[in-house]
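The opening residue of the sequence shown carries number -14 in our numbering; numbering runs sequentially from there.
Yeah, the Cβ is synthetic: ideal placement off N, Cα and C, and Gly gets one too.
To keep things clear, I will list the structure first and then write my remarks on it.
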Amino acid sequence: MGDKDSMELITAQLHYHLSDDDKHDMPSDVLCKLMDAINVLAYLTASGLGASEDIKFANYADFQKDYMVSCSSPEPGSFILPFEIIKNSNAAKIAPGGIVKALFASLLALNTGTLAGTPLERLDPDDRVRFANQLQRMIPEVGSGCRLLFEMKGGTGTEIEISSDFVDRATLCLNPVDVQQENEVRSVVGLVSQVDFDRRELTLKIPYCNKEIKCLYGQGTPLSLLFDGRKSRLQVIGEFEYDDEGDPITCKKVTSIAPIDLSQMVVPMLGKQLVFTPTLDVDTEQLYVVEDPRYGIDVYSDNRRELLELIQEQLLANMRHYSREDDARLCPEVLDVKRKLIDLFGTNFAAEGMGA
């Protein structure tokens, strides 16, 4: 059972600016996305806290064995989404309230343009980028007419608005451009606009930023791949340089070139074979994305192998979280996800909930 003795409560508020005729309810997709992002932010914050005490989590699923981020379903017409962190295991060494306070303190620091004194200082670069990506996901959609504010319940009343400006400042702290070294191996997706066969050089057009970069390809690269790349997007993996906006401007070395693969993915999970269809992210078309509200899945990666692992990780995390949560505390949409997972995995659902 969860240990609530040392629990702290944080309150996130969505402010909608809609007409009086509209319902002021929190959309289910917004609720699910917020909770998923908050879970990952709590995990990364705890990882930073644990680093100073030699407490390590193997991955996100490992964190979920010891802690649960639980939210109360917003009342109809409410703008407030309260959530709390609860200990699920006596083995949990970090106080849940300490994680919540550290998360809020980290957001305050990022808002002023610094990591100093926060547990985020102790995260490796990849986890800092992951933290920034979760903040990006929480920004309300453009044109939705809503704002998202974080505040500590019973605190000083200080609020942090999760806006584009805030996330831009946070990202510069978490992943400064000057840290992106010339030899960093990254993935860039685009269309082939030109090929110089004598120099074995292709020009890759990147639609989202309307920029072109030249890439030298290997002698064994199939010509059909280059021709197909004029109509269908290619993924170039290699070493790139980036401008101040974070857009690629130069390719120093090509590791591999491959077509974007949006075919169905078969994900093995506890004796079941689940099928998901990836897409490319809407904003940049640089990342593979799988969104499946049936099972509460919303993950992304620049490669299919990691995407499969993230789907498995998210399914396990959802089972552990929802199996421990009282149905009365779950909103109808999340309760529907829980029931679908129970129908799919049966006794394995409860076993995962016990941390088996």
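Pair within 9 Å by beta-carbon distance, residue i and residue j
i: Leu34; j: Gln119; result: no
i: Leu210; j: Leu201; result: no
i: Gln204; j: Met254; result: no
i: Ile40; j: Lys78; result: yes
i: Arg171; j: Ile124; result: no
i: Asp111; j: Ser32; result: no
i: Gln258; j: Leu265; result: no
i: Cys158; j: Thr99; result: yes
i: Arg305; j: Ala46; result: yes
i: Phe182; j: Asn96; result: no
i: Pro233; j: Val173; result: yes
i: Ala117; j: Ala155; result: yes
i: Leu247; j: Thr262; result: yes
Length of the line joining the Cα atoms of residue i and residue j
i: Thr295; j: Tyr273; result: The sequence as given places Leu at residue 295; Thr does not occur at that position. In a straight line, the C-alpha of Leu295 is about 11 Å away from that of Tyr273.
i: Leu329; j: Lys323; result: 10 Å
i: Thr284; j: Leu88; result: According to the sequence shown, residue 284 is Val rather than Thr. Approximately 22 Å, taken between the alpha carbons.
i: Arg314; j: Asp321; result: 13 Å
i: Lys216; j: Gln179; result: 12 Å
i: Cys236; j: Glu106; result: 30 Å
i: Ser74; j: Ala43; result: 16 Å
i: Asp(-12); j: Ala80; result: With a pLDDT of only 43 at Asp(-12), under 50, the local geometry of the prediction cannot be trusted, and the value read off the model is given with reservation. Roughly 10 Å between the two C-alpha positions.
i: Tyr307; j: Met53; result: 9 Å
i: Asn303; j: Leu208; result: 44 Å
i: Cys131; j: Arg122; result: 14 Å
i: Val164; j: Glu38; result: At Val164, the pLDDT of 40 sits below 50, so the modelled position is not reliable; the number obtained from the coordinates is stated separately. Whole-angstrom Cα-Cα distance: 27 Å.
i: Glu126; j: Leu133; result: 11 Å
i: Leu292; j: Ser286; result: 5 Å
Close-in-space but distant-in-sequence residues of the same chain around residue i (CB under 7 Å, 5 per side omitted)
i: Leu92; result: Phe135 and Ile145
i: Asp213; result: Pro244
i: Ile84; result: Ala27, Thr30, Ala31, Leu34 and Ile70
i: Ala76; result: Asp51
i: Phe48; result: Tyr28, Ala31 and Phe42
i: Asp228; result: Ile234
Same chain, Cβ closer than 6 Å to residue i, five either side skipped, listed in chain order
i: Met20; result: Cys56
i: Val25; result: Gln119
i: Ile191; result: Gly175
i: Glu276; result: Asp283
i: Thr376; result: Limits of the chain in this structure are -14 at one end and 341 at the other, which puts residue 376 out of reach.
Secondary structure of residue i, DSSP reduced to three states
i: Asp163; result: Legend: pLDDT at Asp163 = 46, less than 50; position of this residue unreliable, value from coordinates given subsequently. In the structure shown, Asp163 sits in a helix (DSSP, three-state: H, G or I).
i: Ile40; result: coil
i: Leu255; result: coil
i: Lys78; result: coil
i: Ser32; result: helix
i: Val85; result: helix
i: Thr156; result: helix
i: Ser91; result: helix
i: Phe342; result: This structure leaves residue 342 out entirely; the chain is present only between -14 and 341.
i: Val267; result: coil
i: Cys194; result: coil
i: Ile363; result: With the chain running from -14 to 341 in the structure shown, residue 363 is simply not present.
i: Ile242; result: strand
Contacting residues, own chain, Cβ-Cβ under 8 Å from residue i (five flanking each side not counted)
i: Val260; result: Gln249, Met250, Val251 and Val252
i: Thr206; result: Arg185 and Ile242
i: Arg279; result: Val322 and Lys325
i: Ile(-5); result: The predicted position of Ile(-5) is uncertain, since its pLDDT is 47 and thus under 50; no value can be drawn from it.
**Prompt:** Which ranges does the beta strand (DSSP E) cover as unbroken runs of at least 3 residues, wholly within the region 94 to 152, from first to last along the chain?
**Reply:** Counting whole runs of 3 or more residues, the region 94 to 152 contains the beta strand (DSSP E) stretches 131 to 137 and 144 to 146.
**Asked** What are the complete beta strand (DSSP E) segments, minimum 3 residues, inside the region 199 to 239?
**Response** Taken in chain order, the whole beta strand (DSSP E) runs of length 3 or more contained in the region 199 to 239 are 219 to 227.
**Request:** For the region 275 to 331, list the beta strand (DSSP E) runs that are entirely contained and at least 3 residues long, ordered along the chain.
**Result:** Whole beta strand (DSSP E) segments, 3+ residues: 282 to 286.
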